[in-house]
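Scroll down for the structure; my scribbles are underneath it.
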Amino acid sequence: MDYVKSSPTIEPNQSNGIPFSTLDYNKIIAYDFKGDEEMYDAPIDKQGNFIPIIEKQQFLSQEQADQILTALAKKSSYGEASAACFNPHLGLVFFKDNKKVNQISICLDCNGSTSEIDIPARRHRVFNKGTDEEYSFTGFTPKGKAAIIALCRAVNFYYKSADSTKAKK
Numbered sequence: 001m002d003y004v005k006s007s008p009t010i011e012p013n014q015s016n017g018i019p020f021s022t023l024d025y026n027k028i029i030a031y032d033f034k035g036d037e038e039m040y041d042a043p044i045d046k047q048g049n050f051i052p053i054i055e056k057q058q059f060l061s062q063e064q065a066d067q068i069l070t071a072l073a074k075k076s077s078y079g080e081a082s083a084a085c086f087n088p089h090l091g092l093v094f095f096k097d098n099k100k101v102n103q104i105s106i107c108l109d110c111n112g113s114t115s116e117i118d119i120p121a122r123r124h125r126v127f128n129k130g131t132d133e134e135y136s137f138t139g140f141t142p143k144g145k146a147a148i149i150a151l152c153r154a155v156n157f158y159y160k161s162a163d164s165t166k167a168k169k
């Protein structure tokens, strides 16, 4: 928490898109971690503690936050299939006055993500609409992956190249 407390603040940007344009936060910290769907699927666990497998952390500048949030709010970033592994390496945690208000975990190996708040763009490509078998393709498109890789490259995290998303752990 010392890192979170000492990180500079940023401002929510109305042009980032829903839901980020209405989320009340003043810091975003990116976490590079070796996630696993069973135990560590997000940087902060259900009890509010940081998980023990965080390798790096980096606060996002206003520009970095605006770029990734704008991408994550766009329908063009979603609509592909995802697999079932969910071993995320990137977490984005939103803080307001040093208290967590949201977190997003991303696994480019399976092309999936989770968020504590709903991201409507993730659900735009629906199959079998109106049936018991209705589902959305919430996986990242090449455009969505490129935005995530660009952020990871800027902060020197695991997903800093397209090759890292193809490598097996």
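For the sequence shown, position 43 matches number 43 in the working numbering, and the numbering has no gaps at all.
Glycine included, each C-beta is placed from N, C-alpha and C at the ideal position.
Predicted model, so just to flag it, every value in this text is computed and none were measured.
Bridge pairing for residue 152: absent [DSSP]. The three-state secondary structure of residue 144, taken from DSSP, is helix.
For residue 53, the closest of 87, 80, 63 by C-alpha to C-alpha distance is 87. Beta-bridge pairing by DSSP links residue 160 to no other residue. Sequence-distant partners of residue 82 (beyond 5 residues in either direction) whose C-beta falls short of 7 Å from its own C-beta, in its chain, are 110, 111, 112, 138, 139. Taking all protein chains shown into account, residue 43 has 16 or more neighbouring C-beta atoms within 10 Å of its C-beta and is therefore buried.
Residue burial annotation: residue 121 is buried, with at least 16 other C-beta atoms found within 10 angstroms of its C-beta. Residue 90 has its alpha-carbon roughly 17 Å from the corresponding atom of residue 142.
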